[in-house]
Amino acid sequence: MDSEPIILGIESSCDDTSASILKGRKVLSNVISNQEIHSLYGGVVPELASRAHEQNIIPVVDAALSKANIKKNQISAVAYTNGPGLLGSLLVGSSFAKSFSLGLGIPIITVNHMKGHILSHFIDDGNESPSFPFLCLTVSGGHTQIVQVESPTIMNIIGTTLDDAAGEAFDKSAKLLGIAYPGGPLIDKYSKKGNIHAFTFGKPKVKNLDFSFSGLKTSILYKIQNNTQKDPNFIKDNFNDLCASIQYSIVSILIEKIKIAIMQTGINNLAIAGGVSANTYLREELKKLSSNNNNFKLYIPKFEYCTDNAAMIAIAGYFKYLDKDYANLNETP
Ligand code: KG4
Ligand code: ZN
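Residue numbers for the sequence shown follow our numbering, beginning at 103 and rising by one.
Structure (structure tokens):
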């Protein structure tokens with residue numbers, strides 16, 4: 103339908119520079135440039151991230167436009183991530199979006215990165231979108247939340263981490279095992295050959311629907327230190343088992359709270375979003391949970407929309423565009 107808005111989405115909150123073109127809810131392009139540089143440092147270096155965004159932003163937007171076969175004057179609005187994220191990184195995306203919209207005389211729309219992760223479920227990609235209300239387990243490198251989603255604009259956080267995020271727990275544990283950043287995907291990979299019950303780690307004791315991962319991290323650190331003192335080859339000889347046991351511990355913490363959230367709210371629709379929602383074991387365990395309960399409906403995004411991408415920012419922008427919920431140029435990240 104030609105009356106459908108064409109939204110340019112821009113994402114630059116952390117270490118991925120991404121631009122996407124959506125026509126209505128359909129993705130015409132979703133270009134992501136990852137920043138390899140951070141793997142040398144075992145984590146994202148904010149100053150290096152800002153500099154890389156600065157270099158990437160124009161080529162990435164150009165690539166998104168040409169891949170989508172869309173001319174600049176066809177774009178209805180520019181949606182960009184306004185937070186949360188690294189300030190220097192956000193400033194690159196927001197400054198670009200503002201100048202671009204000013205040049206073209208089109209509206210700008212600010213998007214909350216975490217809402218973008220959740221709304222990625224509404225991209226028209228053949229997957230069924232969740233029906234409202236639903237719970238969303240939003241698990242990324244910076245956040246771990248259970249969100250009660252009433253509509254594309256009304257969302258309430260009913261549980262959150264008190265310290266580290268689940269993605270951080272994966273990445274920091276991976277670092278202890280000598281795995282380069284970001285370690286989450288590699289722990290996922292090596293765990294497939296390991297025994298999930300080979301090692302046990304301390305469990306958090308957090309009330310209500312909140313999470314904690316810092317105690318687990320310390321428990322993993324001590325287990326590795328103590329055993330490496332006795333046997334210098336401990337990590338090497340137990341590598342896959344360590345990965346599997348760590349992954350099991352993190353995922354179990356998430357699943358336990360999700361079960362309570364479903365019971366407490368009576369909401370049986372569950373979606374997952376954010377980088378950690380790409381985790382194979384988390385997906386398998388949730389699928390088991392849903393196949394054991396006929397009332398329980400599970401929504402899992404395509405892998406490409408789990409980790410940071412601009413299509414999720416563009417879809418969130420699309421909903422705000424329908425409400426004419428535009429920002430002005432004074433908005434700061
Ligand atoms: O959503 P995201 O791309 O960026 C943030 O907003 O933080 O999430 C990145 C996080 C990283 O911590 C990364 O290790 C984790 O998601 N991650 C995974 C997997 N893929 C990405 N963690 C576990 N298993 C995976 N397959
Ligand atoms: Zn994210």
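Think of the CB as a built atom: it goes at the ideal place given N, C-alpha and C, for glycine as much as any other residue.
Are the CB atoms of LEU239 and VAL180 within a distance shorter than 8 angstroms? Here residue 180 refers to the residue found at position 78 when the sequence shown is read from its first residue. Here residue 239 refers to the residue found at position 137 when the sequence shown is read from its first residue. No. Outside cutoff.
Three-state secondary structure (DSSP) of TYR401: Within the sequence shown, numbered from 1, the residue matching residue 401 stands at position 299. Of the three classes helix, strand and coil, the one that applies to TYR401 here is strand, per DSSP.
For THR240, the first and last residue of its enclosing alpha helix (DSSP H): Numbered from its first residue, the sequence shown carries residue 240 at position 138. Run containing THR240: none in the alpha helix (DSSP H); it sits in the beta strand (DSSP E), 236-241.
Strictly by DSSP, which residues pair up with GLY261? As a first step, residue 261 is located in the sequence shown; it is residue number 159 there, counting from the start. According to DSSP, which records beta bridges pairwise, GLY261 is partnered with ILE248.
Is ASP266 near the ligand ZN, in the sense that its beta carbon is under 7 angstroms from a heavy atom of that ligand? Position 164 of the sequence shown, counted from the start, is the residue given in the question as residue 266. Incorrect: ASP266 has no Cβ contact closer than 7 angstroms to the ligand ZN.
In chain order, what residues of the same chain lie with their CB nearer than 7 angstroms to the CB of PHE301, ignoring the 5 residues before and after it? To locate residue 301, count along the sequence shown from 1; it is residue 199. Within the same chain, PHE301 has close Cβ partners LYS325, ASP343, LEU344, SER347.
So is GLY205 buried or exposed if we call it buried at 16+ other beta carbons inside 10 Å? Along the sequence shown, read from residue 1 onward, the residue named residue 205 stands at position 103. Result: exposed.
Would you report the Cα separation of ALA380 and GLY195, rounded to the nearest angstrom? Counted from its first residue, the sequence shown places residue 380 at position 278. Counted from its first residue, the sequence shown places residue 195 at position 93. If I take the Cα positions, the gap works out to 25 angstroms.
ALA363 and LEU237 - do their beta-carbons sit closer together than 8 angstroms? Position 135 of the sequence shown, counting from 1, holds the residue named residue 237. Position 261 of the sequence shown, counting from 1, holds the residue named residue 363. For LEU237 and ALA363, yes; Cβs fall inside 8 angstroms.
For MET257, count the other beta carbons within 10 Å of its own beta carbon; 16 or more makes it buried, fewer makes it exposed. Which is it? Sequence index remark: in the sequence shown, residue 257 carries index 155 (1-based). Its Cβ being crowded by 16 or more others within 10 Å, MET257 is buried.
Inspect the beta-carbon positions of GLY131 and ILE123 and report whether they are closer than 8 angstroms. Numbered from its first residue, the sequence shown carries residue 131 at position 29. Numbered from its first residue, the sequence shown carries residue 123 at position 21. A small fix is needed here, since residue 131 is Ser in this sequence, not Gly. Yes, these two residues count as a Cβ contact at 8 angstroms.
Cα separation between SER168 and LYS307? On the sequence shown, residue 168 is found 66 positions in, with the first residue counted as 1. On the sequence shown, residue 307 is found 205 positions in, with the first residue counted as 1. Each residue's alpha carbon lies about 51 angstroms from the other.
Distance CB(ALA375)-CB(PRO403) smaller than 8 angstroms: Counted from its first residue, the sequence shown places residue 375 at position 273. Counted from its first residue, the sequence shown places residue 403 at position 301. Going by C-beta atoms, ALA375 is nearer than 8 angstroms to PRO403.
Does the ligand ZN have a heavy atom nearer than 7 angstroms to the CB of SER122? Counted from its first residue, the sequence shown places residue 122 at position 20. Answer for SER122: no, Cβ out of range of the ligand ZN.
Is any heavy atom of the ligand ZN found at a distance shorter than 7 angstroms from the C-beta of HIS215? The residue you call residue 215 lines up with position 113 of the sequence shown. Checking every heavy atom of the ligand ZN against the Cβ of HIS215, one is found closer than 7 angstroms.
Quick one: does the C-beta of ASP164 sit closer than 7 angstroms to a heavy atom of the ligand GDP? The ligand GDP is not among the ligands present in this structure, which contains only the ligand KG4 and the ligand ZN.
Proximal residues to PHE405 (C-beta, below 8 angstroms), its chain only, five neighbours per side dropped: Taking the sequence shown and counting its residues from 1, one reaches residue 405 at position 303. Cβ within range, chain order: ALA380.
Rounded to whole angstroms, what's the CA-CA distance from GLN247 to PHE315? Just pull it up for me. Walking along the sequence shown from the start, residue 247 turns up at place 145. Walking along the sequence shown from the start, residue 315 turns up at place 213. Those two C-alpha atoms are separated by around 13 angstroms.
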